[in-house]
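K.L.:
In my numbering, the protein residues as written are -1 to 162.
In this text, a Cβ means the ideal position worked out from N, Cα and C, and glycines have one as well.
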Amino acid sequence: RYFKLLATTTLKKSEWLASKFIFNSIMLMGSLLVTFAVAMAAFDLEAVLTPLSLILVVAGAFMFTSLGMLLGVVVKDPESAAAVSNVIGFPMMFLSGSFWDLSASPLYLQVISKAMPLTYLNDGLRDTMVFGNEASALVNLLIVAVLGLVFFVLASRWMSWKQA
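1) Determine the direct distance from the alpha carbon of VAL144 to that of LEU123, and round the result to whole angstroms.
2) Enumerated in chain order, which unbroken segments of the alpha helix (DSSP H) with a length of 4 residues or greater are wholly contained in the segment 94 to 162?
3) Looking at GLY66 and LEU119, is the spacing between their C-beta atoms short of 8 Å?
4) Between SER154 and the rest of its own chain, which residues show a CB-CB distance below 6 Å, the 5 nearest in sequence each way excluded?
5) Can you have a look at MET61 and say buried or exposed, based on whether 16 or more other CB atoms are within 10 angstroms of its CB?
6) Just mark THR63 as buried or exposed, buried being the case when its beta carbon has 16 or more other beta carbons within 10 Å.
7) Rounded to whole angstroms, what is the Cα-Cα separation between VAL71 and ALA79?
8) Does GLY146 pass the burial test, meaning 16 or more other C-beta atoms within 10 Å, or should it be called exposed?
9) May I ask you to verify whether the segment 40 to 54 touches the segment 82 to 102, counting CB pairs closer than 8 Å and requiring at least 3?
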């Protein structure tokens, strides 16, 4: 019903998707600031927030917002969408290097991790914030941005105000 009402406006699908990205980015930045404040105060965080790390965070927000919109377009039923997002998100949490370095993992897990978008966001943030390796972080930023753009274009092309 909500989308059918939106279809009666002059709002383009890409504008609606962009507004979702902007909202999620603002929420993410607030969450990031709180997380960093707690990590610095409670755990003596030694990572450095660089301009490139902030760009990576915004690119990651764009990528995952676009991926979420794409899933919403492909999977129509809300319960099924939740299940599909869990099937994608849960393995990504553990196989993308979020909690530990994957270099000690078996080769097949390392190969699987390279197919997950979160791997490139994690690697880019680690490269710039922990190791100070801006060149490697830029490569990961490019991958995250391209994936985000692909997800965004697919979601905006496949989305239909009428069917939603």
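P.N.:
In short:
1) The straight-line gap from Cα to Cα measures roughly 16 Å.
2) The segment 94 to 162 contains these whole alpha helix (DSSP H) runs: 105 to 111, 115 to 124, 132 to 156.
3) no
4) LYS11, SER12, LEU15
5) buried
6) By the neighbour-count rule (16 or more Cβ atoms within 10 Å), THR63 is buried.
7) 9 Å
8) buried
9) no
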